[in-house]
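Number 982 marks the last residue of the sequence shown (the UniProt record's numbering); no jumps.
C-beta atoms are modelled at their ideal positions from N, C-alpha and C, and glycine is treated no differently.
Worksheet: one structure, shown below.
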Amino acid sequence: MAEFSIEKVCQAIQVFNSGQVEQADSFLRSFSQSNEAWGICIQILQQNPDPSMVFQLLRILQSKILYDFSTLIQSFISFTHPLRSATHISKLHSNHTSLQRIKLKINQNIMCTYVHLFILVHLLIANQINTRVIILLILRVIAQILDYSQNNSPHQKFLFDVLETLPEELTENKKIIIEDEKRKLIAQDIKNKQMLDILTFLQTQWNAVPDDSLKYHILRSYKKWLEFMKSNITEEEAIQFMQLSSQTTLFKGTLESISNEELQSKAVEAICTFVGIIPKTICEQPQLEPQVLQLLFDEVYKTFPACKKALDEETCDEIHNLIKLYSKVGKKCMHKIILNSQLEPFLQTLLWIFCHENSFTESDILMDFWIKMIKTIRIMNDLQLQNKFSLTFEQLINGCVQKSKVNKILLAEYGISPKIKDEFEQQLETRSQMKEIMEELVTIIQPNLIIQHLGGILKKEFISQMNENGWITFEACMNLISGIIKQIILKNDQIGVQYLMEIIKLYLDVYQQQPQASNNFIMKTVFKTISQGCAQLISSNELLPSLFNFITIGIHHKVSSVQKKATKAFQLICQQNQNFVLLHLNQFLDLIFKLQQVSNYDNLIKGVANAICSSQETMQNYYLKLCSIFAQNLVQLQKQIEELLVTSVGSDTLEEKIKQFSKNISSLAYINSQIPANESNEYLAVRVLVVNVYQELWPMLKFGMERIAVFEHGVAERIVRYTKHTFRKAFNQFSVDLLTQVFQSFLNVYRQVPITACIYVAEVSATVFYKYPEYRNLLSEAFENLCNITFQHLPQLSSFEENPDLTEDLFGMLVRYGRYTPVLLLQSSALQTILQLTLMAIGLEHVGAAKVFYSWLEVTFLMLKPQDEAFKVQIPQEYKDKFQQIITPFIPQYTSKLFEALRKGPSDEEVEDYIDDCIIALSQISFIDYHQLLSQVLEEGPQNILTQSEKKTWIENNQDSEKQQSFLKLYTRRCIQNALRG
């Protein structure tokens, strides 16, 4: 271990500064990590060394404070009393300020680092001496340097940066290891004793500095300290602060700076932060009190002409700053704006701004204001108040329509030109914001009144004679209507339903005659409106036939997004009108058979499948008929694929046929997913029907697994999904013989290729068939085979990370077998290997695989406890005893590696929680000495993570789950902070 002295350190720094970095680097690194560094650096600084020496010493001290704070107290206090240290550092600042005044050549980095260091020292001494002394020293040092700096110098700007970042350094810098309670005490101390000094200092500098560029920096610091105050101030203190601020030149100057182009953005940010401090009790009163609010609104009113001019001239930055200010002030003082007639001009101006075409880019800010207003009125629950603002709301709806319109180019080229995508996405975002406003507005106004108003907008022109602008308006209205349909349903607004059906019927009547009515974008919006809830309202026998004809046109549409919305609308209307579907079932089945190439084809299946699976009777009558469509397709596709596998391997034709094969199996899987899981006798016929269909299809499914899935794994996933839903709906009607064939086929494929879906079949089987004795041997045999094959696919540790899907499904199967059939797992010949693999997998970084793995490890530990609710069946004691003998040698290694995984820092917070759960489950195993295991792990790990007192408390409370959880979180957080130190 190297010995450190003042002479050796000075010599090493001189060598380092001379350019011989490699020669000195190792020594200086060791020195910077030592406890002696604190005292030696201070002693050298007391000797007033040259600037290059000062710079290196300050870098070492700054690093120590940031990353080695836990060793600072004993080292630094033993060296010198903290108050003397603070005073000495202050003198050093004065000396270097004098040096700068004389030479004016001091290195800027030295000064910056020095001031930064001085501020960080506050963290050490804040709880030992009067913090006001420290803050005053900081302000005095900054003021001295400002006095001797030239205007606009880097030093001046940096020092205001110091003031700006000071609150965060003192209370939020997580790199500095300090308890949260101490941070709170520091924050309270500064707020109670030093805030006035800091704000007075800023005001003094504001009054003394005429230069706008420095005022800009003062405003930044002012905003940061207001943020600090906002997070720590009480309501009573806030009221006093409001009264005090109205008299200060800093606050008034900030208000006036809103009209200054150079300072506007920072002035607005500062005022918005100031507004956040206004207490809730004041905000909810209609009066403009205290006086500071009158000053605020007076100044805001003065900016209205400038805002209108900026909107007309499209001055983007000024528009953004002022609208941001109006929205913040308006949201905070919403009660006053609603109840105080003096503030009506504010509301009218905001409405004018909202409806202005050039406020489009500020829609998100304006949306927040209007939603806040609507929510406030709703909470006040005053009908007269709602009526008072009825005209305002009509104008607001008009503004929403205006902002929801797409331009003519987008309307004409949608689905044709890919160049419009970016511009279109921007417009979509604003349209969704307008819809949010409508969703809120409809909570205080009857939906039919809103639809009536929108209908009134459309009636200005006859829909059958509308020009291009009229159709753009129609599309915007339909888009907004989709935002209020949910409330129509909730409020059972039959008048609203009637108005809506009239608009849709009117559109359908002119669809064939009006070229613009069939515009790609307008059609998509109509389908979208229907699919977003309107389908739940449509049950009119008069409307349904024409609507289904229209949807069929949409399903055939050449633009995929129109197809998707049309098929979604088809699905939802089928759900709502199942009798209509069943009445015209042959027509719908014919549609499904013919339209297999359209986008979102599965929505067509869903619509009809939902109707067929709605009751036992309809399933018995129509299930077989629907499945036969896909069975016929699969028979033809199998023949075609067999020929292509011989003649055209790798061709596009083969790829397309495989996609169709996969799509048909997905359709079958969805149909089965809609069948209720019912084991009662009355559903026996349905269960038999489901199994019979699967058995008839098995040769094709087997072909898909053994001939296609080996090179196209996606097919296996579809087959497994269909198999899963069949298992879950068939229960014990699925014959042992058929299940044997399924397992054999999947195992044959799995031996050739590590397709994870093959493991998933066994996982699902365990959850479905565990209750039935006749399947037990088969489940056991499948488990043994899958484990042995998987062991071959995972020959080394790196394979866990390289094969996350395989890893996830392997441990997923172990979780299911552990919970549902633990005896089969515990009597398995693969158990010893499983426990070895488990040890190797601790520390997995892949998030998905890690979550499943740690779930398995927790199940492993829970199996050793008395009966736990996590298990579906009782585990006989003889199996627990045997498992105890096998796992006992692994327990110390599991413990050590689990804590090692925590020290490395899990890749995800949820993974950390899973590891914690494993450790807690481990601690509750009765036959192990967890007290000793924990003591050993903490002793073997890094010693600077926890104090001796913390270790002792943890070990003494090792059986308390809540305290365990708390210490595990603390341990992990400290380990991460330790890792930052490198």
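Indicate the three-state DSSP secondary structure (helix, strand or coil) for Ser5 in the structure shown. In this structure, Ser5 counts as coil in the three-state DSSP scheme.
Out of Val581, Glu269 and Thr723, point me to the one whose CA is closest to Tyr670's CA. Checking every option, the nearest Cα to that of Tyr670 belongs to Thr723.
Distance, Leu857 Cα to Ile338 Cα: Between Ile338 and Leu857, the C-alpha separation is close to 59 Å.
C-alpha gap between Thr560 and His725, whole angstroms: Residue identity check: residue 560 is Ser in the sequence provided, not Thr. If you draw a straight line from the Cα of Ser560 to the Cα of His725, it is about 30 Å long.
Going by CA-CA distance only, name the one from Phe731, Glu808 and Ser735 that's closest to Thr756. Of Phe731, Glu808 and Ser735, the smallest CA-CA separation from Thr756 is found for Glu808.
Run through DSSP, which three-state label would Gly818 get? In the displayed model, Gly818 falls within a helix according to three-state DSSP.
Which parts of the segment 938–963 are runs of the beta strand (DSSP E), unbroken and 3 residues or longer, counting only runs that do not cross its ends? As summarised for the segment 938–963, there are no continuous beta strand (DSSP E) elements at least 3 residues long confined to that stretch.
I need the DSSP call for Cys613, collapsed to helix, strand or coil. Here Cys613 sits in coil by DSSP.
Helix or strand or just coil, what does DSSP make of Asn321? Here DSSP, grouped into helix, strand and coil, assigns Asn321 to helix.
Just list the alpha helix (DSSP H) runs in the segment 528–595, keeping only unbroken ones of 4 residues or longer that don't cross its boundaries, in chain order. Unbroken alpha helix (DSSP H) stretches of 4 residues or longer found wholly inside the segment 528–595: 544–555, 560–576, 578–583 and 585–594, given in chain order.
Hey, out of Leu288, Ile675 and Ile551, whose CA is closest to Arg687's CA? Of Leu288, Ile675 and Ile551, the residue nearest in Cα terms is Ile675.
Write down every uninterrupted run of the alpha helix (DSSP H) in the segment 435–484 whose length is 4 residues or greater and which is fully enclosed by it, in chain order. Runs of the alpha helix (DSSP H) inside the segment 435–484: 447–458 and 468–481.
Does DSSP put Gly415 in a helix, a strand or coil? DSSP places Gly415 in coil when its eight states are reduced to three.
Tell me whether Arg718 is buried or exposed, calling it buried when 16 or more other Cβ atoms sit within 10 Å of its Cβ. A residue is called buried once 16 or more other Cβ atoms fall within 10 Å of its Cβ, and Arg718 is buried on that count.
To the nearest whole angstrom, what separates the beta carbons of Val691 and Gln752, a pair I think is in contact under 8 Å? Not really, about 28 Å apart at Cβ, beyond 8 Å.
Exposure label - Asn579; buried when at least 16 CB within 10 Å: Asn579 is exposed by the Cβ-count criterion.
Give me the residue from Tyr414, Val608, Glu164 and Cys41 with the minimum Cα distance to Val9. Answer by Cα proximity: Cys41.
Can you tell me the Cα-Cα spacing of His793 and Gln741, whole angstroms? The C-alpha of Gln741 is placed about 23 Å away from the C-alpha of His793.
Stretch-stretch touch, CB-based, cutoff 8 Å, three pairs: the segment 468–478 with the segment 513–526: They touch, by the three-pair rule.
Please report the distance separating the alpha-carbon of Lys882 from that of Asp908. For Lys882 and Asp908, the distance between alpha carbons rounds to 35 Å.
Gly714 versus Ala766, Lys659 and Cys283, residue with shortest Cα-Cα distance: Ranking the options by Cα distance to Gly714, first place goes to Lys659.
Assigned secondary structure, Ser359 (DSSP; H/G/I helix, E/B strand, else coil): In the structure shown, the three-state DSSP call for Ser359 is helix.
Answer yes or no: do Gly330 and Leu350 have a C-beta to C-beta separation smaller than 8 Å? For Gly330 and Leu350, yes; Cβs fall inside 8 Å.
Nearest to Glu962 by CA position, among Leu933, Glu362 and Asp916, is which residue? Closest option to Glu962, Cα to Cα, is Asp916.
Quick one: Cα of Gly455 to Cα of Leu396, how far? Using only the alpha carbons, I get a separation of about 15 Å.
In chain order, what residues of the same chain lie with their CB nearer than 6 Å to the CB of Met434, ignoring the 5 residues before and after it? These residues qualify, in order along the chain: Cys400, Lys403 and Ser404.
Phe853 classed as buried or exposed, judged by whether at least 16 other C-beta atoms fall within 10 angstroms: The residue in question, Phe853, is buried, as its Cβ has 16 or more Cβ neighbours within 10 Å.
Reference Gly941, options Ala901, Val911 and Tyr914, closest by Cα: Taking only the C-alpha atoms, the option nearest Gly941 is Ala901.
Between which two residues does the alpha helix (DSSP H) containing Thr790 stretch? That run of the alpha helix (DSSP H) goes Arg776 to His793.
Quick check on the burial criterion: 16 or more other C-beta atoms within 10 angstroms. Buried or exposed for Gln205? Gln205 should be labelled buried.
Please classify Ile379 as buried or exposed, where buried requires at least 16 neighbouring CB atoms within 10 angstroms. Per the 10 Å Cβ criterion, exposed.
Are there 16 or more other CB atoms within 10 angstroms of the CB of Phe699, so buried, or fewer, so exposed? The question names Phe, but residue 699 in the sequence shown is Pro. Result: exposed.
Same chain, Cβ closer than 6 Å to Tyr414, neighbours up to 5 away in sequence not counted: Excluding sequence neighbours, Tyr414 sits near Asn520 and Phe521.
If you count every other CB in all the chains shown that lies within 10 Å of the CB of Val693, and 16 or more means buried, which is it? Buried: at least 16 other Cβ atoms inside 10 Å.
Since Glu912 is in the alpha helix (DSSP H), which residue starts that stretch and which ends it? Run containing Glu912: Glu909 to Ser923, per the alpha helix (DSSP H) assignment.
Integer-rounded CB distance, given that Ile437 should sit under 8 Å from Ile371: Contact check for Ile371 and Ile437: beta-carbon distance about 6 Å, within the 8 Å limit, so the pair qualifies.
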